[in-house]
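> Numbering (the numbering used here), first residue to last: 658 to 934.
Positions of the beta carbon are idealized from the N, C-alpha and C atoms, including for glycine.
1. Got a sec, what are the start and stop residues for the alpha helix (DSSP H) residue 680 sits in?
2. Which residue marks the beginning of the beta strand (DSSP E) containing residue 761, and which one marks its end?
3. Examine the Cβ distances between the stretch 774-782 and the stretch 702-716 and report whether three or more of them are shorter than 8 Å.
4. Name the one or two DSSP bridge partners that residue 738 has.
5. With H, G and I counted as helix, E and B as strand and the rest as coil, what does DSSP make of residue 705?
6. If we require 4 or more residues per run, which alpha helix (DSSP H) segments fall completely within the stretch 779-861?
7. Whose C-beta lies closer than 6 Å to the C-beta of residue 802 among residues of the same chain, with five residues either side of it excluded?
8. What's the call for residue 749, buried or exposed, on a 16-neighbour Cβ count within 10 Å?
9. Alpha carbon to alpha carbon, how far is residue 812 from residue 741?
10. Looking at the strands, I want to know which residues DSSP matches up with residue 665.
11. Give the secondary structure of residue 694 by DSSP, where H, G and I count as helix, E and B as strand, and everything else as coil.
12. Does the ligand NAD have even one heavy atom less than 6 Å from the beta-carbon of residue 667?
13. Nearest CA to the CA of residue 845: which residue from 836, 799, 873 and 851?
14. Excluding the five sequence neighbours on either side, which residues of its own chain have a C-beta within less than 7 Å of the C-beta of residue 780, listed in chain order?
15. If you pair each beta-carbon of the stretch 694-708 with each one of the stretch 728-736, do three or more pairs fall below 8 Å?
16. Is the beta carbon of residue 822 closer than 7 Å to that of residue 680?
17. So, are the CB atoms of residue 739 and residue 705 less than 7 Å apart?
18. In the structure shown, what three-state DSSP assignment does residue 753 receive?
Here is the structure:
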């Protein structure tokens, strides 16, 4: 039986994509699954056959196949796409698939926009609309669970018969691996970037998911995590040139401090301490 190796990457961190690109260039595999919209399958195949990267981006933009703002999407995806460029000239038997449901990509964009709106409101008023935050993230959690199951089936169907397949996922790679196992596919999980400290919004999504599953709510904890996210945006994202600069500045200034204070995020900030649910 072949193996699907799931590589869990932080969604926006370019350093993680660069590390994954190194893995792709130095590994042998006969199938590759990219966590971008299935609507890009045709263009990605052309890129893998050697089409210019600039042509890939231009056509994807013209056909509205990638979410706006384009610069944000490209910031995280470009290193991996450059590793894919021309790969079929060297490995003609390799199969490459983009496995994300287009609806899942669109949902992520809408939720990000809504979160930005809620952050702005909190910055202006100093108040957290807990009900709106919780409702938004619960809807996102429920929809994402359905999309993930479908995506796992999509990967499983195309990975059968392959000796070694690489599947790039977001930071929720553990859940994807579990779904693949339910599809009777042998799967493993790797984190190319460790230790990785989960950002406040990543912790918040997991906490709301845990609440949804357990039906036990902790308003004070959720509000505190929301405020940590607002602080992350205001003091790091908005004052940095790139997301990586903001993230690593935050890790240096904040995470080590949190380890020694009574805050509600002691272990959940590292992959090793990520809550299971």
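According to the structure data:
1. Here the question's residue 680 lines up with position 23 in the chain shown. Its alpha helix (DSSP H) spans residues 671-682.
2. Stepping through the chain shown from its first residue, residue 761 is reached at position 104. First-last for residue 761: 759-782, but that is the alpha helix (DSSP H), not the beta strand (DSSP E).
3. no
4. Counting from one through the chain shown, the residue named residue 738 turns up at place 81. In DSSP, residue 738 forms no bridge with anything.
5. Position 48 of the chain shown, counted from the first residue, corresponds to residue 705. Residue state, collapsed to three classes: helix.
6. 787-816 and 830-839
7. On the chain shown, residue 802 is found 145 positions in, with the first residue counted as 1. Counting only Cβ-Cβ distances below 6 Å, and skipping sequence neighbours, we find nothing.
8. Here residue 749 refers to the residue found at position 92 when the chain shown is read from its first residue. Counting Cβ neighbours within 10 Å, residue 749 comes out exposed, since fewer than 16 surround it.
9. Counting from one through the chain shown, the residue named residue 812 turns up at place 155. Counting from one through the chain shown, the residue named residue 741 turns up at place 84. So the two alpha carbons sit approximately 18 Å from each other.
10. Counting from one through the chain shown, the residue named residue 665 turns up at place 8. Bridge partners of residue 665: 826.
11. Looking up residue 694 in the chain shown gives position 37. Here residue 694 sits in strand by DSSP.
12. No copy of the ligand NAD occurs in the structure displayed, which carries no ligand at all.
13. By 1-based counting over the chain shown, the position of residue 845 is 188. Nearest of 836, 799, 873 and 851 to residue 845, Cα basis: 836.
14. Residue mapping note: residue 780 aligns to position 123 of the chain shown, counting from 1. These residues qualify, in order along the chain: 887 and 891.
15. no
16. Along the chain shown, read from residue 1 onward, the residue named residue 680 stands at position 23. Along the chain shown, read from residue 1 onward, the residue named residue 822 stands at position 165. Cβ atoms of residue 680 and residue 822: not closer than 7 Å.
17. Translated into the one-based positions of the chain shown, residue 739 becomes position 82. Translated into the one-based positions of the chain shown, residue 705 becomes position 48. No, Cβ-Cβ distance for residue 739 and residue 705 is not below 7 Å.
18. Here residue 753 refers to the residue found at position 96 when the chain shown is read from its first residue. Residue state, collapsed to three classes: strand.
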